[in-house]
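**Student:**
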Amino acid sequence: MALKQIALLFACFAIVAAENPYRFFNWNITYGTIYPLGVPQQFPGPDIYSVTNDNIIVNVFNSLDEPFLIHWNGVQNRRNSYEDGVYGTTCPIPPGKNFTYILQMKDQIGSFFYFPSLAFHKSAGGFGSIKILSRPLIPVPFDPPTDDFSLLIGDWYKSNHTALKKILDNGKKLPFPDGILINGRGPNVTSFTIQQGKTYRLRICNVGLQNSLNFRIQGHKMKVVEVEGTHTMQISYSSLDIHLGQCMSVLVTGDQPPQDYYVVVSTRFTTPVLTTTGFLRYANSNKKASGPLPGGPTTQIDWSLNQARSIRTNLTASGPRPNPQGSYHYGMIPTVRTIRLASSAGQVNGKQRYAINSVSFVPADTPLKVADFFQISGVFRVGSISYTPSGGGIFLDTSVMGVDYRTFIEIVFENSEDIKEYRGAEYDTRQWTEASRNQYNLRDAVSRSTVQVYPKSWSAIYIALDNVGMWNLRSEYWARQYLGQQFYLRVYTTSTSLRDEYPIPKNALLCGRAKGRHTRPF
């Protein structure tokens, strides 16, 4: 069946100035007919390749027949949530129009990705890898690899995004996915070639809609060296659980006899298990991969939880700046607030909905950050979601939680369901209490943008609120996000200094109740 999926057509070039370099990209977003579970195709979108503090200018022209936005998953967008690319902060790009995103990879390194954030466009592709390398002369705790590959893995549906959206709009749940893709391709298509004795960096991101995935390479170990901007202790694994929205970098060395080896990706915590394969190929060898596929984990939650706990920060390594990452002792900073967030599912007006602290999010008619800037009343209400679970039934609201700039908070994600949620100081499979803090890792936990919460479990994180703005907290189960399992965290200060937050960009699109207003210069 031919699919109407989103493909990115693009051109890019870079200009280096005396200040931090500028890299310019021009993308045209169009529909294209592809066969992702059959014939190979050019998909997904282009890599964004950059260095710490680079200025990234992405001009996006929307050639679709509906509004469009791109979200930069994990990119910090310091002092500028207007560029975040979600509907709570940014007006969509109308059909036939363009918008130029202005981003800076400020004090950031690592592996991330971008994807469409509106409607159910994510199920149609249009995602790509973001690589942020360290600045020259900033030491990296491993030798430069021979090459650097991006692997975007994720579950996939044969039904197009409009059909999937219709299922959700009708109040139903999505069916089980049809397959798994590696870099937008189906089984036995994707491959990457290595030289014997050389070491390569693989940046692996789970860009799917609803399934954790396990990644492994026949006969090869994978040494984890970076997780979403944090250099990690260098531990080798035979397989890795990579949860929705998460990225990690591994080093793989060509230390086996030259031939082809299977690359295997399979779903976790599902029945049945979906599996797809690609190939690691040694150069100048024509010997095909053979033998059984390498097996994944044979146990469920405990294995995955223990692996997650084993991934720790390398405290002796530099991050994006010369000082070691471990110089920031988060465990010694007192928190000013504990926020407990509980997921739930149920029916509202006869339709399936999902909620956080009983509130199922409904979008406002105007992006919340835009309404905040123009002080438009009635768009949202700070405090429309509580800091702790209410225990009541699900109700609809445009949920916004207020917190203060430059405070340090604790967030506990509680999952009482049998399904895994995605959003760390620590994970556990028991009910959270204040005594649970005694088991937190307060020394070398990794910093990341997405944390998994196992069934009947909790995960706890600490956050330094050093970024003024309106920030989206959501489930990475994309159907759950679409049906309400998200809210916005309003990090607020009375200061109007550019040191704290940039004003609304002068090229900002204005919609809803902000239409026709004027922005001040950037």
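Using the numbering used here, read the sequence shown as starting at 109 and increasing by one per residue.
For each residue, glycine too, the CB sits at the ideal point set by N, CA and C.
(1) Taking residue 293 as the reference, which of 232, 338, 473 has the closest Cα?
(2) Per DSSP, residue 349 forms a beta bridge with which residues?
(3) Nearest-angstrom Cα distance between residue 412 and residue 192?
(4) Could you spell out where the beta strand (DSSP E) holding residue 547 opens and where it closes?
(5) Taking one C-beta from the region 544-553 and one from the region 348-357 each time, how about it: are there three or more such pairs within less than 8 Å?
(6) Counting only the same chain and skipping the five closest in sequence on each side, list residues whose C-beta sits under 6 Å from that of residue 420.
(7) What do you get for residue 284, buried or exposed, if any count of 16 or more other CB atoms within 10 angstroms of its CB means buried?
(8) Under the three-state reduction of DSSP, which class applies to residue 644: helix, strand or coil?
(9) Closest to residue 397 by CA distance: which of 371, 418, 410, 382 is it?
(10) According to the neighbour-count rule (16 or more other Cβ atoms, all chains shown, within 10 Å of its Cβ), is residue 239 buried or exposed?
(11) DSSP state of residue 276, grouped into three classes?
(12) Following the continuous beta strand (DSSP E) through residue 223, name the residue where it begins and the one where it ends.
(13) Among the candidates 559, 523, 465, whose CA atom is the shortest distance from the CA of residue 504?
(14) With 16 other CB atoms within 10 Å as the buried threshold, where does residue 698 fall?
(15) Tell me the DSSP secondary structure of residue 626 in three-state form.
(16) Go to residue 363, then tell me how far its beta strand (DSSP E) extends in each direction, as first and last residue.
(17) Under 8 Å: do the region 593-603 and the region 315-332 share three or more Cβ pairs, one atom per stretch?
(18) Alpha carbon to alpha carbon, how far is residue 595 from residue 492? Give it in angstroms, no decimals.
(19) Answer with buried or exposed for residue 528, where buried requires no fewer than 16 other C-beta atoms within 10 angstroms of its C-beta.
(20) By the 10 Å Cβ neighbour count, where 16 or more other Cβ atoms means buried, how is residue 189 classified, buried or exposed?
(21) Pop quiz: residue 479 and residue 488 are said to be a contact at Cβ under 8 Å. What is the actual Cβ separation, rounded to whole angstroms?
(22) Return the CA-CA distance between residue 153 and residue 471, expressed in angstroms with no decimal places.
(23) Which word fits residue 477, buried or exposed, when buried means at least 16 other C-beta atoms lie within 10 angstroms of its C-beta?
(24) Look up residue 439 in the DSSP assignment and say whether it is helix, strand or coil.
(25) Taking residue 440 as the reference, give the member of 517, 175, 417 with the closest Cα.
(26) Give the DSSP-derived three-state secondary structure of residue 158 in the structure shown.
(27) Rounded to whole angstroms, what is the Cα-Cα separation between residue 278 and residue 442?
(28) Need the endpoints of the alpha helix (DSSP H) that residue 354 sits in, please.
(29) Hey, is the region 314-323 in contact with the region 384-396, meaning 3+ C-beta pairs nearer than 8 Å?
**Tutor:** For this structure:
(1) 232
(2) 322
(3) Roughly 31 Å between the two C-alpha positions.
(4) For residue 547, no beta strand (DSSP E) segment is defined, and its DSSP state is neither H nor E.
(5) no
(6) Taken in chain order, the residues that qualify are 341, 552.
(7) exposed
(8) Here the chain comprises residues numbered 109 to 630, so residue 644 is not present and cannot be evaluated.
(9) 371
(10) Label assigned to residue 239: buried.
(11) helix
(12) Here the beta strand (DSSP E) through residue 223 covers 218-224.
(13) 465
(14) The structure shown does not extend to residue 698, since the chain spans only 109 to 630, so no value can be given for it.
(15) DSSP, reduced to helix, strand and coil, places residue 626 outside both helices and strands of the structure shown, so it counts as coil.
(16) Segment: none, residue 363 is in no beta strand (DSSP E) and carries neither H nor E.
(17) no
(18) 10 Å
(19) The pLDDT assigned to residue 528 is 44, lower than 50, so where the model puts this residue is not dependable; a value taken from the coordinates is nonetheless given after this. Counting Cβ neighbours within 10 Å, residue 528 comes out buried, since at least 16 surround it.
(20) buried
(21) 7 Å
(22) Roughly 27 Å between the two C-alpha positions.
(23) buried
(24) helix
(25) 517
(26) strand
(27) 46 Å
(28) First-last for residue 354: undefined, no H or E at that position.
(29) no
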